[in-house]
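Top line first, the protein sequences correspond to chains R and G.
Residue numbers for the first sequence follow this note's numbering, beginning at 5 and rising by one.
Residue numbers for the second sequence follow this note's numbering, beginning at 7 and rising by one.
A virtual CB, placed ideally from N, CA and C, is assigned to each residue, including glycine.
I have placed the structure first, in the form of structure tokens, so that the comments after it can refer back to it.
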Amino acid sequence: MTAVAASPGAIVPARPSRWRRARDTRTAYLFLLPALLVMAIITFYPLVFQVYMSFTDYGLKNLATKAPAPDVVGFDNYLRILNNDIVIPNFDFVRILVFNLWWAFSNVVIHVVLGVAIALLLNVPRLRFRRFWRSLYILPVMVPPIIVATVWRNMFDPQNGAVNQILNGTVGVLFKLPPVTLDWLNYPNPIIAAGPFVLPLAYFGLLAANVWLGWPLNSVVATGALQAIPSELYEAAAMDGAGPWQKFKNVTLPFLRPAMLPFAIYGFVVTFNLFYLSYFMSGGGPFGQTELLVTTAYRLVAEQKLYGVAAAFAVFQFFILLAITLITNRLAKATASFNA
Amino acid sequence: MTVDAKLAAPAVVRPAERTRRRQGSGIGRQLALQLLCLVIGVTVIFPVLWVVAMSIDPRNLQRPDTLFPPGASLDAYARVLARPTQNPVSFLTLALNSLFLAVVITVASVGIGVLAAYAFSRMSFRGREPLMIGILAVLMLPAVATIAPLFVSLNKIQIGTFNLRNSLVGVAIAIVSSQLPFAIWNMKGYLDTIPKELEEAAIVDGASRFQTFVRIILPLAKPVLAVTALFAFIAGWTEFILSWIFLTKPETFTLAMALNGMVGQYASSTPWSDFAAFAILFAIPPIFAYALLQRYIVGGLTVGGVKG
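This is the structure we're talking about:
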């Protein structure tokens with residue numbers, strides 16, 4: 005590896021750039037080899053195999069080592085998904101997709117706004133106990149998501165849950181209301197229902213849990229960006245007579261953007277694929293209205309054992325995520341980083 | 007937006023202004039800020055206290071109802087340590103299985119990923135663009151998205167009684183499949199910000215690419231290595247989705263699976279004190295890892311986005 009890398013550049017000084025590139029290509033592939041090998045076998049091959057599977061009726065019967073190959077069924081699996089012809093109760097592909105997009109979008113907006121706001125709060129000069137608050141606020145990030153989901157489900161329990169108890173103790177006492185026994189996660193009537201856009205009360209329960217879970221890391225990222233702002237810029241802005249809002253808009257925001265935007269995009273995709281809250285808190289209910297693409301894909305494999313349909317579903321998922329990546333990537337220009 | 011603006015104001019106060027304010031309402035302002043911090047702190051810590059309260063509640067309720075249980079005992083901890091599941095598997099076995107997944111995934115994704123990240127960040131080579139697009143395309147895929155082909159493919163690999171799908175190695179392979187692209191992307195983002203001049207000086211002095219990588223880049227990349235390792239470790243330790251589908255032999259089960267076995271989707275019959283005690287024991291290693299690596303998080307994640 006060392007020999008390849010060290011010498012040839014000096015041999016042909018007449019065409020350094022081409023030589024350099026050829027030499028670099030060889031070295032680069034040596035560095036890339038392990039990752040490419042591993043990814044070819046366990047990432048790209050499964051993706052290709054998945055496309056084949058999606059055109060077959062792959063099921064339990066084809067699982068055994070010497071089982072017969074599945075029958076090719078053409079676009080059947082894709083059509084079944086689009087026509088909602090799946091045994092999962094209340095399956096509605098378009099509704100799930102719309103909900104999933106809204107779920108990710110609404111969460112990320114709240115995460116970023118809260119994260120930045122609290123980072124600014126913690127960045128106030130001469131704030132006492134700053135380090136204490138900072139280390140306390142990182143706590144939600146550390147708790148494994150499966151625990152977060154179960155504990156929040158517990159807190160939304162209609163009779164004994166903390167949420168209803170707090171409501172009883174505050175709003176209930178103030179307005180002399182009868183005890184609240186609202187079943188947040190199973191309340192059957194949707195709050196908003198406009199075509200495929202359906203938001204049940206459970207969505208707001210999930211949102212509360214995920215906001216709790218999500219803003220701290222945004223705050224950490226925003227803090228890092230805030231600390232990189234030279235204080236001279238604020239002094240210069242003040243000399244130009246800028247007010248607090250103008251300083252925020254013209255000094256703080258431009259520094260926050262390059263850090264927050266890629267992280268928000270990352271957060272969007274993480275939230276889009278967030279399995280644990282939907283699966284463990286609401287179980288996808290009521291009536292499958294808080295089901296996400298990931299949880300549906302999981303049910304197709306784990307519960308229905310419809311591997312062919314699951315493969316077709318995952319192909320849809322792949323293209324949806326690819327579209328999201330391309331659109332958001334254009335926003336962040338994450339690829340344009342090799343500044344040679 | 008208005009919230010932003012209000013909070014932004016104090017952050018950008020100039021020294022001269024500060025003095026003026028201190029004379030005016032310094033203590034009042036500090037109190038208001040502390041109160042705000044406290045309110046946020048309470049919302050942050052409440053769910054955590056709720057778990058702790060459940061875990062020491064001697065009643066082991068099926069519907070826990072208070073932050074202040076009548077009395078406290080560590081019985082729940084003793085119970086789950088002695089008999090974590092219905093299966094005859096010890097807590098230690100479950101923990102070691104979780105640890106196995108966490109360590110294998112960390113070593114594989116950081117070790118393999120950093121080499122690729124270096125190539126993408128530093129070298130101009132034929133095929134760079136298509137390969138980067140290939141990695142970007144699968145970057146956002148959750149592990150669930152390739153679960154069907156991985157399940158049936160790994161299931162075909164049977165050596166005697168050993169079935170790769172039904173083993174921890176199989177689960178580890180499946181998780182690395184979705185973890186590696188993230189590791190490459192995150193580390194590449196950080197390496198992009200390390201000035202090239204450092205390496206160029208070393209190359210002029212006769213060092214090879216690999217030598218500069220090991221002696222110059224790796225030490226400078228410590229924050230991102232730490233954060234990527236942290237994320238991979240936690241992904242492995244808390245992994246439930248794939249292991250629950252893949253594994254059927256109790257001796258290969260993990261802590262996360264046992265935890266799910268306690269609550270599943272049937273909360274009404276959950277022994278909550280036991281669950282909470284289990285959850286706290288389960289959360290200790292991730293919390294410890296975070297505490298250990300906390301100082302790297304700001305650098306190791308933020309910089310992934312900031313192009314230097």
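Might you give, ordered along the chain, the residues of its own chain that have their beta carbon closer than 6 Å to the beta carbon of residue i, omitting 5 neighbours on each side?
i: R/I328; result: none
i: R/V167; result: M159 and F160
i: G/L87; result: F97
i: R/F267; result: V225
i: G/R301; result: none
i: G/Y296; result: none
i: G/A114; result: V182
i: R/P129; result: none
i: R/A81; result: Position check: residue 81 of chain R holds Asn in this sequence, whereas Ala was assumed. The residues are S58, G312, V313 and A316.
i: G/L156; result: A180
i: R/L330; result: none
i: G/L298; result: none
i: G/R215; result: none
Name the two residues that bound the continuous alpha helix (DSSP H) containing residue i.
i: R/A166; result: A166 to L171
i: G/F239; result: K228 to T244
i: G/L353; result: Because residue 353 of chain G is not part of the residues shown, which for chain G are 7 to 314, the question remains open.
i: R/V52; result: Y49 to S58
i: R/T299; result: L297 to A306
i: G/E205; result: K202 to V210
i: G/L253; result: G/L253 -> no alpha helix (DSSP H), and no H or E assigned at all.
i: G/K350; result: Nothing about residue 350 of chain G can be reported from this structure: the residues present for chain G run from 7 to 314 only.
i: R/S357; result: In this structure chain R extends from 5 to 344, so residue 357 of chain R is not present and cannot be described.
i: G/D63; result: Unbroken run through G/D63: none, as it is neither H nor E.
i: R/M149; result: As written in the sequence, residue 149 of chain R is Pro, which differs from the Met given in the question. That run of the alpha helix (DSSP H) goes P149 to M159.
i: G/L145; result: R134 to L145
i: G/G267; result: L261 to V269
i: R/Y283; result: Premise fails: R/Y283 is in no alpha helix (DSSP H) and is neither H nor E.
i: G/A78; result: It is not in any alpha helix (DSSP H) - G/A78 carries neither H nor E in the DSSP assignment.
i: G/L160; result: I153 to K162
i: G/F216; result: R215 to T218
Can you give me the start and stop residues for the beta strand (DSSP E) that residue i sits inside?
i: R/A197; result: I196 to A198
i: R/F201; result: F201 to L203
Below 7 Å CB to CB, which residues in the same chain sit around residue i once its five sequence neighbours on both sides are set aside?
i: R/A246; result: N254
i: R/R334; result: none
i: R/L126; result: R134, W137, R138 and T227
i: G/V144; result: P187
i: G/A285; result: V57 and L265
Quick one: what's got a C-beta closer than 8 Å to residue i's C-beta in the same chain, skipping five residues either side?
i: G/F294; result: none
i: G/F281; result: M60, L265, M268 and V269
i: G/L186; result: A114, S115, I118 and G119
Problem set entry | Residues of the segment 246-258 of chain G with Cβ closer than 8 Å to any Cβ of chain R, in chain order | F246, I247, W250 and I251
For this session: Closer than 7 Å, Cβ to Cβ, to anything on chain R: give me those residues from the segment 158-175 of chain G, in chain order.
Result: V158, S159, N161, K162 and Q164
Problem set entry | Interface residues of the segment 110-125 of chain G facing chain R [CB-CB below 7 Å] | I118, G119, L121, A122, Y124 and A125
Exercise. Contact between the segment 36-54 of chain R and the segment 182-193 of chain G: three or more CB pairs below 8 Å?
Worked result: yes
Problem set entry | Ranges of the alpha helix (DSSP H) found wholly within the segment 64-109 of chain R, counting only runs of at least 4 | 80-86
Problem set entry | beta strand (DSSP E) segments (min. 3 residues) lying fully within the segment 189-267 of chain R | Fully enclosed beta strand (DSSP E) runs of 3 or longer: 196-198 and 201-203.
For this session: Give a yes or no on contact between the segment 305-322 of chain R and the segment 57-76 of chain R, applying the rule of three or more CB pairs nearer than 8 Å.
Result: With a cut-off of 8 Å, the segment 57-76 of chain R and the segment 305-322 of chain R count as touching, because enough Cβ pairs lie within range.
Exercise. Mind listing which residues of the segment 81-115 of chain G have their C-beta closer than 7 Å to chain R's C-betas, in chain order?
Worked result: Taking 7 Å as the cut-off between beta carbons, none of the residues of the segment 81-115 of chain G comes near chain R.
Exercise. Can you list, in chain order, the residues of the segment 181-197 of chain R whose Cβ is nearer than 9 Å to any Cβ on chain G?
Worked result: none
Exercise. Taking one C-beta from the segment 166-180 of chain G and one from the segment 101-121 of chain G each time, how about it: are there three or more such pairs within less than 8 Å?
Worked result: yes
Problem set entry | Residues from the segment 41-62 of chain R in contact with chain G, defined by Cβ distance under 7 Å | V42, M43, I46, T47, P50, L51, F53, Q54, M57 and Y62
For this session: Report yes or no: do the segment 200-210 of chain G and the segment 245-252 of chain G share at least 3 C-beta pairs separated by less than 8 Å?
Result: no
Problem set entry | Inter-stretch contact at 8 Å, needing at least 3 Cβ pairs: the segment 103-121 of chain R / the segment 270-282 of chain R | Counting C-beta pairs closer than 8 Å gives three or more between the segment 103-121 of chain R and the segment 270-282 of chain R, which meets the contact rule.
For this session: Name, going along the chain, the residues of the segment 39-57 of chain G whose beta-carbon falls closer than 8 Å to a beta-carbon of chain R.
Result: L39, Q40, L42, C43, I46, G47, T49, V50, I51, F52, P53, V54, W56 and V57
For this session: Report yes or no: do the segment 72-84 of chain G and the segment 227-238 of chain G share at least 3 C-beta pairs separated by less than 8 Å?
Result: With the cut-off at 8 Å, the segment 72-84 of chain G and the segment 227-238 of chain G do not touch.
Exercise. Do the segment 189-197 of chain R and the segment 87-94 of chain R meet, that is, are 3 or more Cβ pairs less than 8 Å apart?
Worked result: no
Exercise. Would you say the segment 135-150 of chain G touches the segment 211-230 of chain G, given that touching needs at least three Cβ pairs under 8 Å?
Worked result: no
Exercise. According to a CB-to-CB cut-off of less than 8 Å, which residues of the segment 130-153 of chain R neighbour chain G?
Worked result: R130, L131, R132, F133, W137, S139, L140, Y141, I142, L143, P144, V145, M146, V147, P148, P149, I150, I151 and V152
Exercise. What residues in the segment 316-327 of chain R bring their beta carbon closer than 7 Å to a beta carbon of chain G?
Worked result: So the list reads A318, Q321, F322, L325 and L326, given in the order they occur along the chain.
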